[in-house]
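Asks: Could you have a look at this structure, given as structure tokens, before my questions?
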Amino acid sequence: MTPAPHEAPETSIVTTTRVWCDGAGDIRGGENYLPASLGHPRVWMEIDEKGYVDCGYCDRHFVLAGGPADDGSAAR
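Given below as structure tokens:
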């Protein structure tokens, strides 16, 4: 039996190099923001010269807008 493929982690395009993640669906806030009652502890991360950082808890991929990892394929 072949295991089911994992979904690709979410990608968030951000405008600052310091980002946070708590596992909630709408990281940056807004009308759809929900507290992370089923997420994970809030962690702060720094985007380096590669232009991205991945959350160690949920694998969300944060890409700096206009940075070296921003290939324009992620929704904004």
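Residue numbers (the UniProt record's numbering): 1 to 76.
Yeah, the Cβ is synthetic: ideal placement off N, Cα and C, and Gly gets one too.
This structure is a prediction, so every number in the text was calculated from the model and none was measured.
1) Please look up how many angstroms separate the CB atoms of Asp59 and Arg42, rounded, as I've assumed it's under 8 Å.
2) Just verifying my parser: in three-state terms, what is the DSSP assignment at His61?
3) Here's the rule: buried if 16 or more other CB atoms are within 10 angstroms of the residue's CB, otherwise exposed. What is Ala24?
4) Tell me the rounded alpha-carbon separation between Thr17 and Gly56.
5) Pick helix, strand or coil for Thr11, following the three-state DSSP scheme.
6) In three-state DSSP terms, what is Asp54?
Replies: From the atom records:
1) Asp59 to Arg42, Cβ: 16 Å. No contact.
2) strand
3) buried
4) 17 Å
5) strand
6) strand
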